[in-house]
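**Student:** Each residue of the sequence shown is one higher than the one before, counting from 47 in the working numbering.
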Amino acid sequence: MEITNPKQDSKVWPGESNEAFPEVFCHVPPPPKTKKPGQLSQEQIKQFVQDGYLIIDDYFDKSELEPVKDWIDDLVDDLAEQLFKAGKIKDLYKDFGTFKRLTRIDQDYPGANIVLLKRAQQVPKSLQSLWANERLLNLAEQILGPEVWGNPVWNLRPKVPRDEVTTVPWHQDAAYMDNESYSQFVLSAWIPFLDATEENGCLKFVKGGHRSGKVAKHQCCHGDTFYVRLEKDEMERKLGVDMARDVVAAPVKYGGFVLFNNIVPHGSTVNFSSDIRWSVDLRWQKPGSSFGLWGLKKGVEMRSSTNPSVHIDWDTFNEIDRTTLQEQYVNAIMEDEFDTTLHGPWMKQWEIVHHNRHTAAVRDDPAFWQLRG
Ligand SMILES: O=C(O)CCC(=O)C(=O)O
Ligand SMILES: [Fe+2]
């Protein structure tokens, strides 16, 4: 069914679209003449194109992942020191380790995990090496072609146990990006730093939900979070999926990762374990200035058909703090450096059916009300 809208132009949300690009998302790239290290078998590629996601086991050497864990420890340590100095937490909780410390901090200062999520904006050397890993770029090249850029939408996710704000509702990633991304293939790699299981809230997908090539109507914001969400009946209606049949969990062990595209619906379940489910999501795109992010931040060139040894300009990429620009875009004013609300342009893309502390800044923006007609 197409969008039915009694007041046609005044109430169509900027994110809504009836366009469909199945040819972009269902294209099976031909097998490479010579397979490079890290590339997938043609069977895996076909599976990925058919399902919209693929679990890839045993891909990384531990030595490629451990340095990123060290970075995570440093980020948590910095945050702990600052919160402690500001009198917001009772202890530094130094003995708690990578998978428990932030949970303990979060108990003293609820929302510390959001502060950390917002702060992780600089791509450190350890993550640069992972993101631009030779084998991963070979794989990205296999799917995107010889020109590969890193996409500016990436995240470090501290999914602390039993926490609403890191339990991500159903969505298509394109819903967080501008409409240009609806017709552009963005390749995501979701990499966990421990075994991701159904117990600790691994990803779940609506298998094949990308095949219509459409982006369904999302709503904002889910519960006490800053996330957009996709209703089940809207997915069935617009994307032609059957939720009773197509929902699958995507557990993956440490050392593996999950590959997916930007329109396959996915989310994650509650973390019922006692450990933090740390993960990063990294993305690649074809060249293009800043599509997907309202012009706020450009992608970074990683591979070129004309230059075999691209110097990846991480300095320029790191100069731009996406969190700050996203806040400015919706005129959000932060209380202080420990502010636990998060905002972004997606809040202006979709109808706000549920207001909460994250949407308050957007609500007060007169331009937003004008936009809503
Ligand atoms: O890590 C999660 O729980 C959700 C990840 C996600 O939605 C993404 O990487 O696009
Ligand atoms: Fe996502």
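Here a beta-carbon is modelled for each residue, glycine too, at the ideal position from N, C-alpha and C.
(1) Considering Cα atoms alone, identify which of ALA296, GLY191, LYS140, TRP396 is closest to ILE273.
(2) Restricting to Cα atoms, I'd like to know which of GLU112, GLN90, SER314, LYS284 is closest to TYR300.
(3) Does the beta carbon of ASP219 fall short of 7 Å from some heavy atom of ligand 2?
(4) With a threshold of 7 Å (Cβ to nearest heavy atom), would TRP236 be considered close to ligand 1?
(5) Three or more C-beta pairs closer than 8 Å, one from the stretch 170 to 190 and one from the stretch 209 to 220: is that the case here?
(6) Could you give the DSSP three-state label for LEU249: helix, strand or coil?
(7) If you draw a straight line from the C-alpha of GLY247 to the C-alpha of CYS267, how long is it?
(8) Just the C-alpha distance for HIS256 and TYR139, rounded to the nearest angstrom, thanks.
(9) Going along the chain, which unbroken runs of the alpha helix (DSSP H) with 4 or more residues stay wholly within the stretch 158 to 186?
(10) I'd like to confirm something about HIS256: is its beta-carbon nearer than 7 Å to some heavy atom of ligand 2, or not?
(11) List the whole-angstrom C-beta distance separating ILE135 from ASP154, where the pair is believed to meet the contact cut-off of C-beta under 8 Å.
(12) Check whether the Cβ of HIS401 lies closer than 7 Å to any heavy atom of ligand 4, and answer yes or no.
(13) On a CA-only basis, which of GLU62, VAL346, PHE106 is nearest LYS284? Give me that one, please.
(14) Looking at SER314 and ligand 1, is the gap between the Cβ and the nearest heavy atom below 7 Å?
(15) Does the beta-carbon of GLN372 have 16 or more other beta-carbons within 10 angstroms, so that it is buried, or is it exposed?
(16) Between MET289 and GLU280, is the Cβ-Cβ spacing less than 8 Å?
(17) Would you tell me roughly how many angstroms separate the C-alpha atoms of HIS401 and VAL161, rounded to the nearest one?
(18) Which residues does DSSP list as the beta-bridge partners of ARG323?
(19) Return yes when the Cβ of ASP97 is within less than 8 Å of the Cβ of LYS253, no when it is not.
(20) Give the C-beta separation of LEU339 and MET223 to the nearest angstrom, bearing in mind that I take them to be a contact with Cβ-Cβ under 8 Å.
(21) Can you look up SER234 in the DSSP assignment and give me helix, strand or coil?
(22) Count the other CB atoms within 10 Å of the CB of GLU65; is the residue buried (16 or more) or exposed (fewer)?
(23) Please work out which residues of its chain come closer than 6 Å, Cβ to Cβ, to LEU173, disregarding the five sequence neighbours upstream and downstream, and give them in chain order.
(24) Can the beta-carbon of LYS394 be found closer than 8 Å to that of PRO156?
(25) Less than 8 Å between C-beta atoms, sequence neighbours within five positions excluded: which residues of the same chain meet that for ASP359?
(26) Who are VAL420's beta bridge partners in DSSP?
(27) Under 8 Å between the Cβ atoms of ARG349 and VAL194?
(28) If you draw a straight line from the C-alpha of ARG323 to the C-alpha of GLY191, how long is it?
(29) Go to ARG291, then tell me how far its beta strand (DSSP E) extends in each direction, as first and last residue.
(30) Excluding the 5 residues preceding and the 5 following GLY313 in the sequence, name in chain order all residues of the same chain whose CB lies nearer than 7 Å to its CB.
(31) CB of SER325 to nearest heavy atom of ligand 1: below 7 Å?
(32) Under the DSSP definition of a beta bridge, which residues are partnered with LYS312?
(33) Which value, in whole angstroms, describes the spacing of the CA atoms of PHE71 and TRP236?
(34) What residues in its chain sit with their C-beta under 7 Å from that of THR149, if we drop five residues either side in the sequence?
(35) Which two residues bound the contiguous beta strand (DSSP E) that contains VAL346?
(36) Mapping DSSP to helix, strand and coil, what is ARG23?
**Tutor:** So, from the listed chains and residues:
(1) Residue numbering aside, residue 273 sits at position 227 when the sequence shown is read from its first letter. Checking the displayed sequence, the identity of residue 273 turns out to be Tyr instead of Ile. Nearest C-alpha to TYR273: TRP396.
(2) Residue mapping note: residue 300 aligns to position 254 of the sequence shown, counting from 1. Across the set GLU112, GLN90, SER314, LYS284, the C-alpha of GLU112 shows the shortest separation from the C-alpha of TYR300.
(3) The count along the sequence shown starts at 1 and reaches residue 219 at position 173. Under cutoff, so the answer is yes.
(4) As a first step, residue 236 is located in the sequence shown; it is residue number 190 there, counting from the start. Within the cutoff, so yes.
(5) In short, these stretches do not touch, since the Cβ pair count stays below three.
(6) Position 203 of the sequence shown, counted from the first residue, corresponds to residue 249. It is a strand residue.
(7) What you label residue 247 is simply residue 201 of the sequence shown in a count that begins at 1. What you label residue 267 is simply residue 221 of the sequence shown in a count that begins at 1. When rounded, the distance between both Cα atoms is 20 Å.
(8) Along the sequence shown, read from residue 1 onward, the residue named residue 256 stands at position 210. Along the sequence shown, read from residue 1 onward, the residue named residue 139 stands at position 93. Whole-angstrom Cα-Cα distance: 44 Å.
(9) Whole alpha helix (DSSP H) segments, 4+ residues: 158 to 165, 171 to 177.
(10) Counting from 1 along the sequence shown, the entry for residue 256 is found at position 210. For ligand 2, not one heavy atom lies less than 7 Å from the Cβ of HIS256.
(11) Position 89 of the sequence shown, counted from the first residue, corresponds to residue 135. Position 108 of the sequence shown, counted from the first residue, corresponds to residue 154. The pair is a contact, with the Cβ atoms about 4 Å apart (cut-off 8 Å).
(12) Looking at this structure, you won't find ligand 4 anywhere; what it does contain is ligand 1 and ligand 2.
(13) Locating residue 284 in the sequence shown gives position 238, counting from the first residue. Ranking the options by Cα distance to LYS284, first place goes to GLU62.
(14) If you number the sequence shown from 1, residue 314 lands on position 268. The answer is yes for SER314.
(15) Taking the first residue of the sequence shown as 1, we reach residue 372 at position 326. Classification of GLN372: buried, given that the 10 Å Cβ count is 16 or more.
(16) On the sequence shown, residue 289 is found 243 positions in, with the first residue counted as 1. On the sequence shown, residue 280 is found 234 positions in, with the first residue counted as 1. Judged by beta-carbon spacing, GLU280 lies beyond the 8 Å limit of MET289, meaning their Cβ atoms are not closer than that value.
(17) Counting from 1 along the sequence shown, the entry for residue 401 is found at position 355. Counting from 1 along the sequence shown, the entry for residue 161 is found at position 115. So the alpha carbons of these two residues sit roughly 20 Å apart.
(18) Taking the sequence shown and counting its residues from 1, the one referred to as residue 323 is at position 277. In DSSP, ARG323 forms a bridge with LYS205.
(19) In the sequence shown, the residue the question calls residue 253 occupies position 207. In the sequence shown, the residue the question calls residue 97 occupies position 51. At the C-beta level, LYS253 and ASP97 come within 8 Å of one another.
(20) As a working note, residue 339 is residue 293 in the sequence shown. As a working note, residue 223 is residue 177 in the sequence shown. That pair is a contact at about 6 Å.
(21) To locate residue 234, count along the sequence shown from 1; it is residue 188. Residue state, collapsed to three classes: strand.
(22) Your numbering for residue 65 matches position 19 in the sequence shown. Flag for GLU65 reads exposed.
(23) Taking the first residue of the sequence shown as 1, we reach residue 173 at position 127. Excluding residues within five positions, the ones whose Cβ falls inside 6 Å are VAL114.
(24) Position 348 of the sequence shown, counted from the first residue, corresponds to residue 394. Position 110 of the sequence shown, counted from the first residue, corresponds to residue 156. With a cutoff of 8 Å on beta-carbon distance, LYS394 and PRO156 are scored as not near each other.
(25) To locate residue 359, count along the sequence shown from 1; it is residue 313. Taking C-beta separations shorter than 8 Å and ignoring five residues to either side along the sequence, the partners of ASP359 in its chain run VAL346, GLU347, following chain order.
(26) Past the edges of the chain, shown from 47 to 419, lies residue 420, and the structure says nothing about it.
(27) Within the sequence shown, the letter at position 303 stands for residue 349. Within the sequence shown, the letter at position 148 stands for residue 194. Less than 8 Å divides the Cβ of ARG349 from the Cβ of VAL194.
(28) The residue given as residue 323 occupies position 277 in the sequence shown. The residue given as residue 191 occupies position 145 in the sequence shown. The straight-line gap from Cα to Cα measures roughly 32 Å.
(29) Numbered from 1 along the sequence shown, position 245 holds the residue referred to as residue 291. In the DSSP annotation of this structure, ARG291 is not part of any beta strand (DSSP E); the continuous alpha helix (DSSP H) holding it starts and ends at 289 to 292.
(30) Translated into positions along the sequence shown, residue 313 becomes position 267. The beta carbon of GLY313 lies closer than 7 Å to those of VAL214, PRO215, TRP216, HIS217, LYS250 in the same chain, with the five residues before and after it left out.
(31) Along the sequence shown, read from residue 1 onward, the residue named residue 325 stands at position 279. It does: the Cβ of SER325 is within 7 Å (strictly closer) of some heavy atom of ligand 1.
(32) Residue mapping note: residue 312 aligns to position 266 of the sequence shown, counting from 1. In the sequence as presented, Lys is not what sits at residue 312; that position holds His. Per DSSP, the beta bridge partners of HIS312 are HIS217, PHE251.
(33) Reading the sequence shown from its first residue, position 25 is the one you call residue 71. Reading the sequence shown from its first residue, position 190 is the one you call residue 236. Answer to the nearest angstrom: the Cα atoms are 18 Å apart.
(34) Locating residue 149 in the sequence shown gives position 103, where the first residue counts as 1. Cβ contact annotation for THR149 (same chain, cutoff 7 Å, sequence separation greater than five): VAL206, PRO207, ILE322, in chain order.
(35) Taking the first residue of the sequence shown as 1, we reach residue 346 at position 300. Taken as a continuous stretch (DSSP letters only), the beta strand (DSSP E) holding VAL346 covers 346 to 349.
(36) Residue 23 falls outside the range modelled here, since the chain spans only 47 to 419, and no answer is possible.
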